[in-house]
Amino acid sequence: MTTPPFPTPTAAEIAVVSDQLGRTARGVVGIAARCVCGNPTVVATAPRLDDGSPFPTFYYLTHPAATAAMSTLEAEQVMPELAALLEDEDVASAYLAAHRAYLADRAQFGDVPEIDGVSAGGMPTRVKCLHALAGHALAAGTGVNPIGDAALARAAWSPERCACAHPGAALSAVDAG
Ligand SMILES: [Zn+2]
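The numbering used here numbers the first residue of the sequence shown as 5 and each following residue consecutively.
Structure below.
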């Protein structure tokens with residue numbers, strides 16, 4: 005788990021992320037979470053991409069097995085169940101704090117008026133995208149984003165069990181870029 009500041013991503017790390025996404029990774033400012041093998045699972049992305057477009061999802065879940073696991077939970081209608089957790093006052097206030105922490109982390113990479121106050125995944129009051137919430141939970145560590153934590157607890161995927169196409173490729177000394 006990693007929140008800013010981040011070490012500059014290496015060419016090998018960016019190459020793994022591009023492979024995970026099936027397209028060239030854009031605007032990556034850091035590797036925010038990793039598989040047990042060292043490969044990225046979450047990247048931090050600049051709030052404004054090079055082409056000028058605003059990008060609210062600062063913590064972006066890139067690992068194919070992780071994104072598939074979140075899609076499965078969404079298909080199984082887990083989102084309404086997790087949203088119901090917000091009826092608890094303590095969970096709701098933790099979720100609001102997670103929203104604020106998300107914005108504070110992103111603000112370190114510039115202010116983007118178009119997405120001012122907009123975090124990701126439905127925060128601070130709704131549950132709209134488990135990929136974004138799990139991405140935040142993986143980056144921030146357990147105990148910051150209660151809904152992201154709950155989604156990860158329900159998922160078949162875990163960063164503790166490597167399911168990478170090329171385990172450890174991001175740590176390769178060879179410049180894969
Ligand atoms: Zn791995």
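Think of the CB as a built atom: it goes at the ideal place given N, C-alpha and C, for glycine as much as any other residue.
- The stretch 34–47 and the stretch 154–174 touch, with no fewer than 3 CB-CB distances between them shorter than 8 Å.
- Look at G34 here: in three-state DSSP terms it is strand.
- One thing to note: L65 has its Cβ no nearer than 8 Å to the Cβ of R30.
- Of the heavy atoms belonging to ligand 1, none sits nearer than 7 Å to the Cβ of V46.
- If you check the C-beta of V40 against ligand 1, you find a heavy atom less than 7 Å away.
- If only complete runs of 4 or more residues are kept, the stretch 56–128 shows the alpha helix (DSSP H) at 68–79, 82–88, 93–111, in order along the chain.
- Distances from the CB of N43 to the heavy atoms of ligand 1 include at least one below 7 Å.
- Per DSSP, reduced to three states, the secondary structure at A169 is coil, with no helix or strand assignment.
- Scanning its chain for C-beta atoms nearer than 8 Å, with the 5 sequence neighbours on each side dropped, one finds around Q112 the residues P8, P9, in chain order.
- Annotation for C166: C39, V40, C41 place their beta carbon closer than 7 Å to its own, counting only its chain and skipping 5 residues before and after.
- DSSP places V47 inside the beta strand (DSSP E), whose first and last residues are 44–49.
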